[in-house]
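Below is one structure, written out as structure tokens; the observations come after it.
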Amino acid sequence: MTKSQERSFQVLLFASLRDQAGWTKQRVMLPDQDLVTAEDVWSQLQLGPRPASVQIAINRELVSPQTLVHAGDEVAFLPPFTGG
Amino acid sequence: MTKSQERSFQVLLFASLRDQAGWTKQRVMLPDQDLVTAEDVWSQLQLGPRPASVQIAINRELVSPQTLVHAGDEVAFLPPFTGG
Amino acid sequence: MGVMQEKITIQLHNTIFDPWLQLAAWSSQTAAAATFIGRVREVAQDGRPLEALELTHYPGMCEEIIRQDAQRLLMDHDASSVLVLHRVGRMLPSEVIVLVAVEADLRGPAQRCCTALLEAIKHQAPFWKREWRDGQGTWVSGNTPL
Amino acid sequence: MGVMQEKITIQLHNTIFDPWLQLAAWSSQTAAAATFIGRVREVAQDGRPLEALELTHYPGMCEEIIRQDAQRLLMDHDASSVLVLHRVGRMLPSEVIVLVAVEADLRGPAQRCCTALLEAIKHQAPFWKREWRDGQGTWVSGNTPL
Numbered sequence: 017m018t019k020s021q022e023r024s025f026q027v028l029l030f031a032s033l034r035d036q037a038g039w040t041k042q043r044v045m046l047p048d049q050d051l052v053t054a055e056d057v058w059s060q061l062q063l064g065p066r067p068a069s070v071q072i073a074i075n076r077e078l079v080s081p082q083t084l085v086h087a088g089d090e091v092a093f094l095p096p097f098t099g100g
Numbered sequence: 017m018t019k020s021q022e023r024s025f026q027v028l029l030f031a032s033l034r035d036q037a038g039w040t041k042q043r044v045m046l047p048d049q050d051l052v053t054a055e056d057v058w059s060q061l062q063l064g065p066r067p068a069s070v071q072i073a074i075n076r077e078l079v080s081p082q083t084l085v086h087a088g089d090e091v092a093f094l095p096p097f098t099g100g
Numbered sequence: 294m295g296v297m298q299e300k301i302t303i304q305l306h307n308t309i310f311d312p313w314l315q316l317a318a319w320s321s322q323t324a325a326a327a328t329f330i331g332r333v334r335e336v337a338q339d340g341r342p343l344e345a346l347e348l349t350h351y352p353g354m355c356e357e358i359i360r361q362d363a364q365r366l367l368m369d370h371d372a373s374s375v376l377v378l379h380r381v382g383r384m385l386p387s388e389v390i391v392l393v394a395v396e397a398d399l400r401g402p403a404q405r406c407c408t409a410l411l412e413a414i415k416h417q418a419p420f421w422k423r424e425w426r427d428g429q430g431t432w433v434s435g436n437t438p439l
Numbered sequence: 294m295g296v297m298q299e300k301i302t303i304q305l306h307n308t309i310f311d312p313w314l315q316l317a318a319w320s321s322q323t324a325a326a327a328t329f330i331g332r333v334r335e336v337a338q339d340g341r342p343l344e345a346l347e348l349t350h351y352p353g354m355c356e357e358i359i360r361q362d363a364q365r366l367l368m369d370h371d372a373s374s375v376l377v378l379h380r381v382g383r384m385l386p387s388e389v390i391v392l393v394a395v396e397a398d399l400r401g402p403a404q405r406c407c408t409a410l411l412e413a414i415k416h417q418a419p420f421w422k423r424e425w426r427d428g429q430g431t432w433v434s435g436n437t438p439l
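Chains as they are written, first to last, in the numbering used here: chain A, 17 to 100; chain B, 17 to 100; chain C, 294 to 439; chain D, 294 to 439.
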């Protein structure tokens, strides 16, 4: 594992958020000292305030916005589901 | 139509009632003057008191025991249903 | 497709039928379809192995009661079409006794109408089951619990 | 028959499938089976004709969420087996999007588990629909009413 992979995590967007942001997947560096929450990650994406309906998953499990993000995590922002 | 058909009706039994009575279908004469109810028909079959669970149909529609029977009717006694 | 689907189809079969072939032939392009299929159990109501199940019905009245129930429930639930296939006569364990299918524009109406129609058939249609074992027939006294 | 049926089968398909053939291959001799089949509507949510429906999902998470829901609901309702087939990708009107089937020893558990699992898939599984018309895609904002 390279140094950058050790200190980075993946961000995924889906559906309308992809259109809004113009991308699907992004690798983001963790800051050296600070703790980073899922909500912090959203803020850095500069997509405006997070709609209450947008849920967050870390490593494919739904989490609260205050959950800490660790190196190697997969952080996903999920618009309301419309399957079935 | 013969005279006997004019003044008679049909009685049908189903399921356990057939076993109990030993027959399936019977043609019964209406008395000349008296009014006859579905309950009267049951009494004449001599199968004991009618269990509350045995329903009565005249001409294939459920009726109350007090419903009058007319010449040409089809009177059926129906144990509890167990289909489906 | 091509042929207009009848709103209500009710058939009593005295021989075995394949439920999935019947459904494939009946189904339309409607958005929601709920179906229920009931089969003969391997055991009798007393828990002992069952050899065969015999189903007696009141011809004419039986189909008419189911048709009335289907008509009423289709309207009550705003569903668009109903299929009911019911076996009569002698059946072996695992054979299909009853098939109920309902199509509707929405899932709730399809599911609720299907459930309600199955209960109506069980409680209002003049069918009687007899369980057979060792050449002995026993009339079934009530429906299985819901 | 012959082959032991898996308790829980979940498959995402990116091409069209025949729901009745899938059910025929999956179904066992269990006494009760409830199924639901949902198809793409002819019209979009705004009532205008729909050209195509596109379904995006979160691979891995989607299957896992459905599996967890199926496992929990199977236990809650005392059902014996579950089949979920769900389309992803581009679909045309009348194509099957979702198939949910549940087998149980009794009709109530089969029906209730099937209904509950469909709702769980609609509300908890990461799928997103986009409606296409005149080369324009519009993300669907919510589920159809129950």
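Quick reminder that beta carbons are idealized off the backbone N, C-alpha and C, glycines included.
Which residues mark the beginning and the end of the alpha helix (DSSP H) in which C/Gly-401 is found? Counting along the chain, the alpha helix (DSSP H) containing C/Gly-401 begins and ends at 400-417.
Helix, strand or coil for B/Leu-46, going by three-state DSSP, please let me know. Collapsing the DSSP output to three states places B/Leu-46 in coil.
Can you have a look at C/Leu-439 and say buried or exposed, based on whether 16 or more other CB atoms are within 10 angstroms of its CB? Label assigned to C/Leu-439: exposed.
Cβ pair A/Val-85, A/Val-52 closer than 8 Å: Closer than 8 Å, so yes.
Alpha carbon of B/Ser-59 to alpha carbon of B/Phe-93, nearest angstrom: Whole-angstrom Cα-Cα distance: 12 Å.
Out of C/Ala-345, C/Thr-437, C/Gly-353, C/Glu-299, which has the shortest C-alpha to C-alpha gap to C/Gln-364? Minimum Cα distance to C/Gln-364 is reached at C/Glu-299.
What residue range is occupied by the uninterrupted beta strand (DSSP E) comprising C/His-370? Element bounds for C/His-370: not the beta strand (DSSP E) but the alpha helix (DSSP H), 354-370.
Could you compute how far the alpha carbon of D/Met-294 sits from the alpha carbon of D/Ile-359? Because D/Met-294 carries a pLDDT of 43, less than 50, the predicted location of this residue cannot be relied on, and no value is offered for it.
Quick check: what's the CA-CA separation for B/Gly-38 versus B/Leu-61? Those two C-alpha atoms are separated by around 11 Å.
Measuring CA to CA, which of D/Ser-434, D/Gly-382, D/Leu-314, D/Leu-305 is closest to C/Ala-318? Of the candidates D/Ser-434, D/Gly-382, D/Leu-314, D/Leu-305, the one whose C-alpha sits nearest the C-alpha of C/Ala-318 is D/Leu-314.
Reducing DSSP to helix, strand and coil, say where C/Gln-304 ends up. If DSSP states are grouped into helix, strand and coil, C/Gln-304 belongs with the strands.
Which residues bound the beta strand (DSSP E) around B/Arg-34? Premise fails: B/Arg-34 lies in the alpha helix (DSSP H), 32-37, not in any beta strand (DSSP E).
Can you find a CB in chain D that lies within less than 8 Å of the CB of A/Leu-84? No, its Cβ sits nowhere closer than 8 Å to a Cβ of chain D.
Would A/Gln-36 and A/Glu-55 be called neighbours here (beta carbons separated by less than 8 Å)? The answer is no: Cβ separation not under 8 Å.
I'd like to know whether the C-beta atoms of A/Gly-64 and D/Phe-420 end up nearer to each other than 8 Å. The Cβ atoms of A/Gly-64 and D/Phe-420 lie no closer than 8 Å to each other.
Range of the contiguous alpha helix (DSSP H) that encloses B/Glu-77: According to the DSSP assignment, B/Glu-77 belongs to no alpha helix (DSSP H) but to the beta strand (DSSP E) extending over 77-79.
From the beta carbon of C/Thr-349, is the nearest beta carbon of chain B less than 8 Å away? Closer than 8 Å: yes.
From the DSSP output, in three-state form, read off C/Ala-327 for me. It is a strand residue.
Any beta-carbon of chain D closer than 8 Å to the one on A/Leu-94? Under the 8 Å criterion on CB atoms, A/Leu-94 is classed as interfacial with respect to chain D.
Say whether the segment 334-352 of chain C touches the segment 402-413 of chain C, bearing in mind that this needs 3 or more beta-carbon pairs closer than 8 Å, one atom from each stretch. Touching, no.
Any beta-carbon of chain C closer than 8 Å to the one on B/Gly-100? B/Gly-100 counts as touching chain C.
Excluding five sequence neighbours on each side, which residues of the same chain lie with their C-beta closer than 6 Å to the C-beta of D/His-370? When the five nearest sequence neighbours on each side are left out, the beta carbons in the same chain lying within less than 6 Å of the beta carbon of D/His-370 are those of Pro-402, Arg-405, Cys-406, in order along the chain.
Whose C-beta lies closer than 6 Å to the C-beta of C/His-257 among residues of the same chain, with five residues either side of it excluded? With chain C represented from 294 up to 439, any question about residue 257 of chain C goes unanswered, as that position is not in the structure.
Please work out which residues of its chain come closer than 6 Å, Cβ to Cβ, to A/Asp-69, disregarding the five sequence neighbours upstream and downstream, and give them in chain order. A quick correction: the sequence has Ser, not Asp, at residue 69 of chain A. Counting only Cβ-Cβ distances below 6 Å, and skipping sequence neighbours, we find Pro-96.
How many whole angstroms separate the CB atoms of D/Leu-367 and D/Ile-301, which I take to be in contact at a CB cut-off of 8 Å? The Cβ separation is near 7 Å, so the contact holds.
Step through the CB atoms of chain D and report whether any lies within less than 8 Å of the CB of C/Leu-439. With 8 Å as the cut-off, C/Leu-439 counts as an interface residue toward chain D.
Between C/Leu-316 and the rest of its own chain, which residues show a CB-CB distance below 7 Å, the 5 nearest in sequence each way excluded? For C/Leu-316, same chain residues with a beta-carbon under 7 Å away, outside a window of 5 residues either side, are Thr-328, Ala-394 in chain order.
Reference D/Ala-324, options D/Thr-437, D/Ala-418, D/Ala-397, D/Trp-425, closest by Cα: D/Ala-324 has its Cα closest to that of D/Ala-397, out of D/Thr-437, D/Ala-418, D/Ala-397, D/Trp-425.
Applying a beta-carbon distance threshold of less than 7 Å, which residues of chain D neighbour A/Ser-32? Those are Trp-432, listed as they occur along chain D.
Chain A partners of D/Gly-353, CB-CB under 8 Å? At a C-beta separation below 8 Å, D/Gly-353 has these neighbours in chain A: Arg-76.
Using the Cα positions of B/Gln-153 and D/Leu-348, report the straight-line distance between them to the nearest angstrom. No answer is possible for residue 153 of chain B: it lies beyond the span of chain B, which begins at 17 and ends at 100.
Rounded to whole angstroms, what is the Cα-Cα separation between A/Gln-49 and C/Arg-400? Approximately 52 Å between the Cα atoms of the pair.
Select from C/Arg-332, C/Ser-374, C/Asp-427 the residue whose C-alpha is nearest the C-alpha of D/Ser-321. Out of C/Arg-332, C/Ser-374, C/Asp-427, C/Arg-332 has the C-alpha closest to the C-alpha of D/Ser-321.
Could you check the C-alpha separation between A/Glu-22 and A/Val-91 for me, to the nearest Å? Their Cα atoms are separated by approximately 15 Å.
Kindly indicate which three-state DSSP category C/Ala-394 falls into: helix, strand or coil? Strand, per DSSP.
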